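Colleague: In the UniProt record's numbering, the protein residues as written are 1 to 330.
(1) Taking the C-alpha atoms as reference points, what is the distance between residue 101 and residue 94?
(2) Of the choices 298, 130, 296 and 260, whose alpha-carbon is the least far from that of residue 61?
(3) Can you list, in chain order, the residues of its chain with a C-beta nearer than 8 Å to that of residue 5? Leave out the 5 residues immediately preceding and following it.
(4) Does the distance from the CB of residue 146 to the CB of residue 38 come in under 8 Å?
(5) With a cut-off of 8 Å on the beta carbons, I'd call residue 111 and residue 296 a contact; round off their distance for me.
(6) For residue 28, tell me which candidate among 14, 67, 56 and 2 has the shortest Cα-Cα distance.
(7) Taking three-plus beta-carbon pairs below 8 Å as touching, is the region 119-127 in contact with the region 67-83?
(8) CB-CB under 6 Å to residue 298, same chain, minus the five flanking residues each way: which ones, in chain order?
(9) With which residues is residue 220 paired in a DSSP beta bridge?
(10) Residues in the same chain with beta-carbon distance under 8 Å from residue 143, minus the five sequence neighbours each way, listed in chain order, please.
(11) Under DSSP, the alpha helix (DSSP H) around residue 37 begins and ends at which residues?
(12) Do residue 215 and residue 232 have their C-beta atoms within less than 8 Å of each other?
(13) Considering only their Cβ atoms, is the gap separating residue 173 from residue 150 smaller than 8 Å?
(14) Taking 8 Å as the cut-off, decide whether the C-beta atoms of residue 257 and residue 230 are in contact.
(15) Terminal residues of the continuous alpha helix (DSSP H) containing residue 170?
(16) Restricting to Cα atoms, I'd like to know which of 52, 76, 133 and 252 is closest to residue 227.
(17) Identify the continuous alpha helix (DSSP H) that holds residue 300 and give its terminal residues.
(18) What is the rounded straight-line gap between the Cα of residue 212 and the Cα of residue 234?
(19) Does the beta-carbon distance from residue 127 to residue 160 come in below 8 Å?
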């Protein structure tokens, strides 16, 4: 139904307040799609985890939460998979201590699903209804869903030829699950090489999907050989003022946690000799690629909750949960 809205101070304040109260990530309301863009090898998956922690913790490593209350986050490591992600989380919680660990356990979960959001049917790329339905159902009850990366999660869908289909499915997931949906993506090769100016159209393909996004964040690598610390930049922030969308300078902790220098957790070591150890995803073998498709599941970071699910035991998850319980019972 169409109507004319006369402008008034009360209407403007009311609408602005509704949007801000519905923020998940700062500048990303529930039901909306946002992007986190980062060149290969700069730590986008580490930033994704740091974003998840920052939304889940009262004391955020990075000030990106839109409201005061901690949020529930579902993280799908579609590119690096569960094993490497659990190892990174274990290293971060070991470094940051029990309060950090408890908040992560309570508010962050991993989505484990091998089925991509698109599939071939009769020679055409179409939405995989079952995979999309499973993801939407899993994400309900969470505030934010992070998909790392959309290229991997989309399966055979092409970022250029199937851009419209990816846009439609992304909107569907965000709205039906009622979450802020953050899609992790790569910039164009020319941006990565420095031959093209960085802009809100710097993502590789997905021009329609990115144009629809309300928020675009970019992990900008340092241009200095002496300073290896990156900067989080707001490329696009429809609902934020220039003051609210200022760059955030980040630094690496000893356990490869991206955080601001003002973070009240464990302070990063500044020794030049210190080498940051990053846990890489295991190389895929032909045997792993040929394994049977698994039912998607949500891994809560508590051993008891995992044990109560009607899903096969995950030895890698069990190793992490054992570490979690050992830390809590110290």
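Using N, Cα and C, we set each Cβ at its ideal position, and we do this for glycine too.
These numbers come from a predicted model, not from an experiment.
Modeller: The structure says:
(1) Within the chain shown, the letter at position 101 stands for residue 101. Within the chain shown, the letter at position 94 stands for residue 94. One C-alpha to the other measures close to 8 Å.
(2) Numbered from 1 along the chain shown, position 61 holds the residue referred to as residue 61. Of the listed residues, the one whose Cα sits closest to residue 61 is 260.
(3) Here residue 5 refers to the residue found at position 5 when the chain shown is read from its first residue. Hits under 8 Å: 11.
(4) Residue numbering aside, residue 146 sits at position 146 when the chain shown is read from its first letter. Residue numbering aside, residue 38 sits at position 38 when the chain shown is read from its first letter. Pairing residue 146 with residue 38 gives a Cβ-Cβ distance that is not under 8 Å.
(5) Counting from 1 along the chain shown, the entry for residue 111 is found at position 111. Counting from 1 along the chain shown, the entry for residue 296 is found at position 296. Confirmed, Cβ separation roughly 7 Å.
(6) For the purposes of this step, residue 28 is identified with residue 28 of the chain shown, where counting begins at 1. The candidate whose alpha carbon is nearest that of residue 28 is 67.
(7) Result no; under three Cβ-Cβ pairs closer than 8 Å.
(8) One-based indexing of the chain shown puts residue 298 at position 298. Counting only Cβ-Cβ distances below 6 Å, and skipping sequence neighbours, we find 109, 111 and 138.
(9) By one-based count along the chain shown, residue 220 stands at place 220. Looking at the DSSP assignment, residue 220 forms a beta bridge with 231.
(10) What you label residue 143 is simply residue 143 of the chain shown in a count that begins at 1. Contacts found: 24, 30, 55, 71, 72, 73, 179 and 180.
(11) Mapped onto the chain shown, residue 37 falls at position 37. It is not in any alpha helix (DSSP H) - residue 37 instead sits in the beta strand (DSSP E) that spans 33-37.
(12) Locating residue 215 in the chain shown gives position 215, counting from the first residue. Locating residue 232 in the chain shown gives position 232, counting from the first residue. Pairing residue 215 with residue 232 gives a Cβ-Cβ distance that is not under 8 Å.
(13) Here residue 150 corresponds to residue number 150 of the chain shown, with the count starting at 1. Here residue 173 corresponds to residue number 173 of the chain shown, with the count starting at 1. Contact flag unset, no.
(14) Indexing the chain shown from 1 puts residue 257 at position 257. Indexing the chain shown from 1 puts residue 230 at position 230. By the CB criterion at 8 Å, residue 257 and residue 230 fall outside the cutoff.
(15) Position 170 of the chain shown, counting from 1, holds the residue named residue 170. From DSSP, the alpha helix (DSSP H) with residue 170 extends over 163-177.
(16) As a working mapping, residue 227 is identified with position 227 in the chain shown. Out of 52, 76, 133 and 252, the CA that lies nearest to the CA of residue 227 is found in 252.
(17) Residue numbering aside, residue 300 sits at position 300 when the chain shown is read from its first letter. First-last for residue 300: 297-300, but that is the beta strand (DSSP E), not the alpha helix (DSSP H).
(18) The residue you call residue 212 lines up with position 212 of the chain shown. The residue you call residue 234 lines up with position 234 of the chain shown. Their backbone Cα atoms lie some 16 Å apart in a straight line.
(19) Counting from 1 along the chain shown, the entry for residue 127 is found at position 127. Counting from 1 along the chain shown, the entry for residue 160 is found at position 160. For residue 127 and residue 160, no; Cβs fall outside 8 Å.
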